[in-house]
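For the sequence shown, our numbering puts the final residue at 285, and the numbers step up evenly by one.
Where a beta carbon is used, it is the ideal one built from N, C-alpha and C, also for glycine.
I have placed the structure first, in the form of structure tokens, so that the comments after it can refer back to it.
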Amino acid sequence: MTDLEDGYRRYAAVVEYNGACFHGWQRQKHHDEPTVQAALEAAISVVANHPVSVACAGRTDAGVHATRQVIHFDTKAQRKDYGWMMGVNTHLPDGVALQWVGEVGGDFHARYKAQARRYRYVIYDSPSRMALMHDQLTWWKYPLDAERMHEAAQHLIGTHDFTSFRAKDCQAKSPVKEMHAISVQRFDRILVIELECSAFLYHMVRNIVGVLLPIGEGHKSPDWMKDVLEFRDRSKAGITAPGGGLYFVGVKYPEQFTLPCEPWGPALLQPLFEK
């Protein structure tokens, strides 16, 4: 089953971007702020020599980064995979780059074929704020207990109604999602919260982190996470954590789609994950 028009080919690509350079993923109809989607479509259209639109595995908010975002696009142009990657990257602005490009079948869809998405939220836990990478990590000046946060996070494993972690303007049809895995690890002054879910609601990760922070500080018990989940009420939860510490790091697809989009990054921390 394919939805390709005659004469068109479908390509998938893995994209990395610094969310601090853009006003989110989605192209804006009535605003001039730069977006990742608009930058990619403009660059790919130049190389293809015709207008191209792209679809992605998961839209990200303003300030949120990606190391393994997956897109696809359809084109009549014929280029080698390496030619696509180098040509498109030449026309992209700073802060976004293709990491891989390959032709896929017409039955592939970056969003609708995805079985799960993975995010990592990175916190710099220190009394003093950062001078470097301040827009790529979340600074938290109070001490955080990673073990308490990890214990609390386990209440989210499984299929649940995540209304308590859903932004009011979320457009998802259902708040019910399946959380496959969630963990909190400390690496010296850096905490990494890693989540894999069937799909994420608008602000869902940042709102989960907003509940974990007071638990990590010791102001709330780990069981508060369970209470917040069962309330199904956004007003009963915590803050929406800043977007600068959040990374879209991987997508899971059925085995027949062999894309290099396994969880990876951010590059600075990758050696820690590989130990």
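Local Cβ density within 10 Å of residue i, reported as buried at 16 or more and exposed below that
| i | result |
| --- | --- |
| I203 | buried |
| E272 | exposed |
| D135 | buried |
| Q280 | exposed |
| H60 | exposed |
| S245 | exposed |
| Y152 | exposed |
| H229 | exposed |
| R139 | exposed |
| A267 | In the sequence as displayed, the identity of residue 267 is Phe instead of Ala. It is buried - the Cβ of F267 has at least 16 other Cβ atoms within 10 Å. |
| L282 | exposed |
Residues that DSSP places opposite residue i in a beta bridge
| i | result |
| --- | --- |
| I218 | For I218, which the question treats as bridged, DSSP gives no partner whatsoever. |
| M189 | G168 and C207 |
| C66 | I81 |
| Q88 | Note: Q88 sits in no beta bridge, so no partner. |
| I225 | BP columns for I225 are empty, so no partner. |
| H41 | Paired residues: none, contrary to the question. |
Distance CB(residue i)-CB(residue j) smaller than 8 Å
| i | j | result |
| --- | --- | --- |
| Y257 | A124 | no |
| A345 | H144 | The question about residue 345 has no answer here: the residues shown for the chain are numbered 11 through 285. |
| L205 | F175 | no |
| K187 | F172 | yes |
| R89 | V62 | no |
| Q106 | Y27 | First, the amino acid is wrong: residue 106 is Val here, not Gln. Against a cut-off of 8 Å, the Cβ pair of Y27 and V106 comes out as a contact. |
| D84 | G34 | no |
| G220 | I249 | yes |
| L222 | W150 | no |
| Q146 | G253 | no |
| Q38 | R69 | no |
| R127 | A209 | yes |
| R121 | A67 | yes |
| L166 | I218 | yes |
| V132 | I200 | yes |
| L14 | G116 | yes |
| A49 | P137 | no |
| H82 | Y21 | yes |
| V238 | A251 | no |
(request) Mind listing, in chain order, the continuous beta strand (DSSP E) runs of no fewer than 3 residues lying wholly within the segment 99-166? (result) 106-114, 126-135 and 148-150
(message) If contact is defined by three or more beta carbon pairs under 8 Å, each pair taking one atom from either stretch, is the segment 153-161 in contact with the segment 34-48?
(response) no
(message) Across the segment 107-115 and the segment 88-96, are there enough close Cβ pairs to call them in contact, namely three or more that are closer than 8 Å?
(response) yes
(message) Tell me whether the segment 69-88 and the segment 21-38 touch, counting them as touching only if at least three CB pairs, one residue from each stretch, are closer than 8 Å.
(response) yes
(request) With a floor of 3 residues, list each beta strand (DSSP E) that falls wholly inside the segment 245-280, ordered by position along the chain. (result) 256-262
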